[in-house]
Amino acid sequence: MPDAAWGLRFWLRFSLAGAALLVLVPLLNRGVAPDSPFALPDYLVPLFGKYLCYAILALSLDLIWGYAGILSLGHGAFFALGGYCMGMYLMRQIGTRGVYGNPVLPDFMVFLNWKELPWFWWGFDHFAWAAAMVLLVPGVFAFVFGWLAFRSRVTGVYLSIITQAMTYALWLAFFRNDMGFGGNNGLTDFKDILGWDVHLPSTRIGLYLASALGLGLAYLVCRYITRSKLGRVLMALRDAESRVRFLGYSTTNAKLLVFTVSAVLAGLAGALYVPQVGIINPSEFSTGNSIEIAIWVSVGGRGTLVGAIVGAVLVNLAKTWLTGAFPELWLFVLGGLFVLTTLAFPQGIVGLFRRLPRRRAREAAAPPVAAEEQA
Amino acid sequence: MSDALLYLNGVTVSFDGFKALNDLSLIVEDGELRTIIGPNGAGKTTMMDVVTGKTRPDSGEVFFRGTADLTRLDETAIANLGIGRKFQRPTVFENLGVFDNLELALAGSRSTWHSLFARLDSAGRDRIAATLERIGLAERARLPAGALSHGQKQWLEIGMLLIHDRSLLLLDEPVAGMTDRETEETAALILDLARDRTIVVVEHDMAFVRSLGAKVTVLHEGAVLAEGSVEQVQNHPRVIDVYLGR
Amino acid sequence: MFARLCRIAALAGLLLGAAAAARADEFATIVAGFAGGGFAAKEQAIVALGRLGDPRAVPVLQALGDDRLRAAPDGRIVIVDTAGGTTRYADAATGQDIAGLDPDSLDRIIVNNRLRGDIEAALGALTLFSTDRGQRLAAAADALKHPSADTAKLLERALAAERDAEVREALQRALAAARLFAGTKDEQLAAIRTLGAATDPQIKNLLDRYRDRPDLDRERRAAADAALAAMARRLQLTGLAANLFQGLSLGSILLLAAIGLAITFGVMGVINMAHGEMIMLGAYVAYVTQQAFIALLPPGWLDAYLAAAVPLAFLAAGLLGIALERCLIRHLYGRPLETLLATWGVSLILQQAVRSIFGSPNKAVANPGWMTGGFDAVGGFTVTWNRVYIIVFCFAVLGALALILNRTGFGLHMRAVTQNREMAAAMGIRTARVDALTFGLGSGIAGMAGVALSQIGNVSPNLGQIYIVDSFLVVVFGGVGNLLGTLVGALSLGVVNKFLEPVAGAILGKIVVLVAIILFIQRRPRGLFALKGRTAEAEG
Amino acid sequence: MGMFASMRRAAVAAGIAAGMAAAAPAWSQETIKIGVLHSLSGTMAISETTLKDTVLMMVDDLNKHGGLLGKKVEAVVVDPASNWPLFAEKARELLTKDKVAAVFGCWTSVSRKSVLPVFEELNGLLFYPVQYEGEESSNNVFYTGAAPNQQAIPAVEYLMSAEGGSVKRWVLEGTDYVYPRTTNKILEAFLKSKGVAADDIRINYTPFGFSDWQTEVAAIKQFASAGKKTAVVSTINGDANVPFYKELANAGVKASDIPVVAFSVGEEELAGIDTKNLVGHLAAWNYFESVKNPTNAAFIKEWHEFIKNPKRVTNDPMEATYIGFKMWTHAVEQAGTTDVNAVRQAMYGQKVKAPSGFTAVMNTNHHLSKPVMIGEIRPDGQFDVVWQTKEAIKADAWSPYLAEDKGKVADWTYPWVCGNCTAPKYAEN
């Protein structure tokens, strides 16, 4: 059946959607006269870029939560790690344009009287190195963490809580000015990326397109994994892990692989995010952020890749609008939304649109499965 | 040490005080069909847990083909040695289709990398089709397993054992909750399977045990009480005590 | 400092000479000096009052010290006395009550820290011979802080007159301290012995300074060294004790925050992200009760507001919890991770609700009198009352909970339902009701925790967020569904944290603890006290 | 199909957003819009909501008196929710979508750093009303809060004086972020220049929202027991203060023994603490509610009427907001336009009679000249001013006590035209 999944119709839709993402926004922004009602004002471009990054992040979480049933409450950490790697590159690009005009040291290091660059900053003046780190750092971190956790069969709520502890610890760590990541102020005041001024509208379009491509790539990766045999192994272990072991599959390895892949995607999202919002600081590690990611996914529809994307974009669109329109009330609305989705349509928005009989069946069949897991 | 397929010697398992297995010793020869009976709490299921690596024994040795020390391996490794297991409660993957369930069980590499790039070849496809025919779920292949009836789930699970060539099958009450008709079919199926593999069946239903007509081991309080043909054990005085009480 | 001590000494002389038959008008003129004028003028007045050695000066100086001295438009100095709820005005010079003063017409007579020091000194000198034992004790302690040759004589006299044992000891210490630097060689050796008996960093510093004097002969230096060594050992021990207490206190706070969660999450398996907000709610109940007491009851009652706040908080949070369970959570049983998201939404709503009702800024919740301050345990380490009471309270709550769970019918039903819902239902237990009550119980306890936390921290809409992560860690670390585990988990985390903090610093210490917990969970995926066949197992 | 569906939504969203944007100019015809960029939720809401209300009060008052340039002034309030990237996003939205003439906002340094590039890119105008670490002077920001030399240094000097108790030993206690780091760095340099020995200075940092102060307070008492007069200089941030002071009070740290002088604790913060046992501890600001003068009386009266609660206090950042807003309105009136470049020029030398009783002046380094006051906490949660400068002090953007700031000049008028230079942009000749 995977063959069917990669049929012509899929590629048609995918490229349609992709094209729309890639062409529409630049066109409306640059091509249309600013005063026309269809014109897309400049400030919305990085905003949409940001949404796309969130969408990638949501995808990465959906991959492990929706399909493998592992709820990570620390995915914000991988996102932030990727972001910091990119931020370090951007900091090094500032060069002598910083407040203290030091060609090598970022301002905050000059200020803390650091004499030379700490070793973990080496190489970040090269984009290639930074790009590699963007994927490697979260990946390796996730691999080690996951190896420890899955090998000793930490599951369900326990895993969620220790991932939360992980991001909490990182949050505290990055706050420390002595860590060498700029403390609470984090990394900011970026000048240019690959030689282009990050503030130029054209650069913004470029970053937006990069995010769009990143999203497409992430979507394909996730789709491939979930449609592969491994994908079915994951879904199987979500329902009855021990049974999968008796079939001879190593659930540890399967989980470890997707956990790592998902962390890498999260890192990618972070890296694309930072140059567009212009700052990365420890608050990205805050436990609340990580929980919010899970909320995007469940609003959109858990276990469906499209759902993750839809959820991330819609929730953040709502956030942008509400914080401006109802600054005093928006938390009520947002909180209410979360309660409503989990109660009224547990399958999320996408679940509303596609009424699949098999999902009904799953609902009906859920309790005995859970019970079997207990035994 | 013997050349027996499955060799348990002095296996003891205790859950906070209560001895589920008490110095159990059991030998299953290659190609044999063995039925294990015993009252509740006799340790039948625990014995299977030990063999399949779900439970680690406190003491005693468990060997497969005389060489593989099962007390040192985890479920995955043991399964890959060729030991299959069917649970008491049918456990199929409710959210996957019947076809997918079988595909997962299909013999072949289990490595994570492989399953990431694996593609189902025509041979495998035929294999699955054949099995579907055999367990009579051909026309339900696309349904999610969760939608099957209890009996059908039992069959699907047996099918999953079939399609994955295992040299040793452990069947935990395969006919629990089956109609008489289904029970008969199952018995036939098991006998058929028994031709080319070793099978250990745990069962309450004496009628069913008799219909298998195989060597019977009676477990009681975590140890072997008696062993022999159905008739022998049925006339065994202690067995009568245990079953009918004094 | 030195100047002040000279004044004490000078004043002492006057006292002894008994020439202190100060004439009323002199006293009056000095007091009048407080009106207007800068701090310098006031300082002179204070010193003069001290010199006068007139007992009438005491109430005036005290009033000045705690901002109860006013200048009336007609130049009179007025003492305001609000004791007992009613405000009385008395003429500072004559001591006569004054009626019909317009409060708004009075000018406050402001002092600064320097003047407060002077007042302490003057009062100290006056009160060294006061009739009030407490005042004499305080005066002796003050004298110890600033040892000098001049204080010695004064202290000798005081000592001669003193009968109370405790005050005598304090005076002897103070005298010894004074003689250490000014006495004869024998006096110094005696002083070293007296001081060496104490366990007090302040005295240790005193001896340190003494020991480093170049003009010491071997004998005195040896004596000082011996005394110092002994004291250092004792201080080290008391240091450990202090750390232990601090750890216990932190642990008790973690425990309080976590107990409620141990019920809702541990026993019922509901990941309640709104748990922190239940705590916050309790804290606000404490605030509201306090305001109500201030508004409705005579001031004397204020100290009792906690007695009302605790049950009220339990009810408020408990009822909210029940409502939450009925309307939301019961629809989500078996889907713990979705409960997490829904309750997260609830917590956002609750925070914003409190924000719009009470406003964002912190609310002041005062410690009642009996919870204010602390007592000096050995080694200059102060044990604060609010922490002591919180530790007690926390264990009381835990004990009560244990009783409910193990000794009451409800507790039995609760355990029955959580262990085997179907069976319990079959046995005629109304499971739905038990669920609601159980959740209510957990939330109620969180509410009570909020009242306790309002006594040491700030009361703001974000209060819950401070504790939520730690609470979950404690429960998971201790072993879900196991109260004993929660207890041990919380206390050990608290103590470990407090022993790390002096070494690694607050932030690193906390990080180390977190990493330790993560690694521990790898070793024992079910926490310290794992239970078999527990509920909070199912995966989303 | 999925991507497709999501795409449709994105497109719709774009449509909506574009619609909102297109609608904006239609309004700005009759009204002058100003942005209010203060967190109304999240951790910083505790401090920032008050400033939001202050701006609204000022706008209200302005419109009552005929608005600005004959137009009605409209405040656009947004909630950046204590989320730093969101600050930047909202700033961009305010400037491009709502086309606001000026923005009043930010509290934490990180939020300012986050929006700074946006304001410089879009040439917006930000009024930043909070005491901060200095080390900055942007052409697009007017800093109406105190710089270190208007708060930290005088406070320490006061404590060193006989009047302040001639302190010899110092604990610099701060939250671990840039403001305390900078302030403490400057203070350390300053203290050493005054001959304070290194081991008479103890510096300690704690995380945000730190709540368990037992160990630290014990350490402070230990440090103070060395026989020399000791004081604590606190740059502890918002939330952590309440538990800190509660611990101090209960541990019996009296102001006459170990005075604590704070730079982030004002009337608003004290309103959240029971001050009975904190009498005598100090704070350094450019304004205290308790100062007696007509401007302040009017300010307080107006505040109480606007907020409809006679118990609400005023504080220094509110006064800074007041000054900033007044200056901006005067500048606009003089320039006759809200054009940023024109207004900026008109800002230099603006004078405002401030509630502090002094006249605040805007300097060409975009910082104010303001008086410095030292206040002692009194039982009712207010401060008694025990010391104040004779006249207003000019804020330094760059501290003379920091090596790396040597020769740095901030002056946005000819010939310098620069916030961070060691030589004028345009040489005079």
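Chains as they are written, first to last, in this note's numbering: chain H, 20 to 394; chain C, 12 to 257; chain D, 2 to 541; chain A, 466 to 894.
The beta-carbon is built from N, C-alpha and C at its ideal position, and this holds for glycine as well.
Since we're looking at a predicted model, the values are computed, not measured.
request  = Could you check what DSSP says for residue 779/A in three-state terms: helix, strand or coil?
outcome  = coil
query = Is it true that the CB of residue 125/H sits closer than 8 Å to the CB of residue 105/H?
reply = no
ask   = With 16 as the cutoff for other CB atoms within 10 Å, does residue 528/D come out buried or exposed?
value = buried
ask   = Is residue 841/A near residue 745/A, with beta carbons less than 8 Å apart?
value = yes
request  = Could you tell me which residues DSSP puts in a beta bridge with residue 112/H?
outcome  = None, per the DSSP bridge assignment.
key: Minimum C-alpha distance to residue 280/D - residue among 343/D, 418/D, 377/D, 310/D   = 310/D
ask   = Start and end of the beta strand (DSSP E) containing residue 886/A?
value = 883-886
query = What did DSSP end up calling residue 20/C once you bin it into helix, strand or coil?
reply = strand
request  = Using alpha carbons as the reference points, say which of 333/H, 88/H, 341/H lies closest to residue 256/H.
outcome  = 88/H
task = Just mark residue 399/D as buried or exposed, buried being the case when its beta carbon has 16 or more other beta carbons within 10 Å.
result = buried
ask   = For a contact meaning CB atoms closer than 8 Å, what does residue 357/D contact in chain H?
value = 347
task = Taking residue 90/D as part of the beta strand (DSSP E), name the residues at either end of that continuous run.
result = 89-92
key: Residues near residue 432/D by beta carbon distance below 8 Å, same chain, minus five either side   = 418, 422, 425, 426
ask   = Does any C-beta atom of chain H lie closer than 8 Å to the C-beta of residue 29/C?
value = no
message = DSSP has residue 74/C in a bridge; who is on the other side?
response = 18/C, 80/C
ask   = Can you name the start and end residues of the alpha helix (DSSP H) that residue 840/A belongs to?
value = Element bounds for residue 840/A: not the alpha helix (DSSP H) but the beta strand (DSSP E), 838-842.
key: Under the three-state DSSP convention, the category residue 444/D falls into   = helix
query = In terms of alpha-carbon separation, which member of 166/C, 242/C, 172/C lies closest to residue 96/C?
reply = 172/C
task = Could you name the residues of the same chain whose beta carbon sits closer than 6 Å to that of residue 380/H, not counting the 5 residues immediately before and after it, in chain order?
result = Only weak support exists for where residue 380/H lies, its pLDDT of 46 falling under 50; the value from the coordinates is given anyway. Nothing meets the Cβ criterion.
request  = Could you tell me whether the Cβ of residue 530/D comes closer than 8 Å to any Cβ of chain H?
outcome  = no
task = Closer than 8 Å by beta-carbon distance: list the chain D residues that pair up with residue 195/H, in chain order.
result = 508, 509
message = Quick check on DSSP: helix, strand or coil for residue 178/C?
response = coil
inquiry  = Below 9 Å on C-beta distance, what does residue 346/D contact in chain H?
reply    = 314, 353, 354, 355, 356, 357, 358, 359, 360, 361
ask   = Beta-carbon of residue 129/H versus every beta-carbon of chain A: anything under 8 Å?
value = yes
Spatial neighbours of residue 93/D in its chain, beta-carbon cut-off 6 Å, leaving aside the 5 residues before and after = 32, 61, 78, 80
task = Kindly indicate if chain D contains any beta-carbon less than 8 Å away from that of residue 854/A.
result = no
task = Give me the Cα-Cα distance between residue 253/H and residue 108/C, rounded to the nearest whole angstrom.
result = 14 Å
request  = Less than 8 Å between the CB atoms is what I'm expecting for residue 347/D and residue 325/D, so what's the real figure, rounded?
outcome  = 7 Å
As assigned by DSSP and simplified to three states, the class of residue 832/A = strand
request  = Kindly say whether residue 133/C, judged by its beta-carbon, lies nearer than 8 Å to any beta-carbon of chain H.
outcome  = no
query = Within the 8 Å Cβ cut-off, does residue 25/H reach chain A?
reply = no
key: Start-end ranges of the beta strand (DSSP E) lying completely within the stretch 34-114 of chain D, minimum 3 residues   = 70-72, 78-82, 89-92
inquiry  = Using only CA atoms, which one of 154/C, 233/C, 229/C, 52/C lies nearest to residue 242/C?
reply    = 229/C
Chain-ordered residues of the stretch 236-254 of chain H with a beta carbon less than 8 Å from chain C = 244, 247, 248, 249, 251, 252, 254
key: Chain-order list of residues whose beta-carbon lies under 8 Å from that of residue 201/C (same chain, five-residue window excluded)   = 44, 182, 185, 210, 212, 223
task = Please compile the residues from chain D whose C-beta is within a distance smaller than 7 Å of the C-beta of residue 185/H.
result = 519
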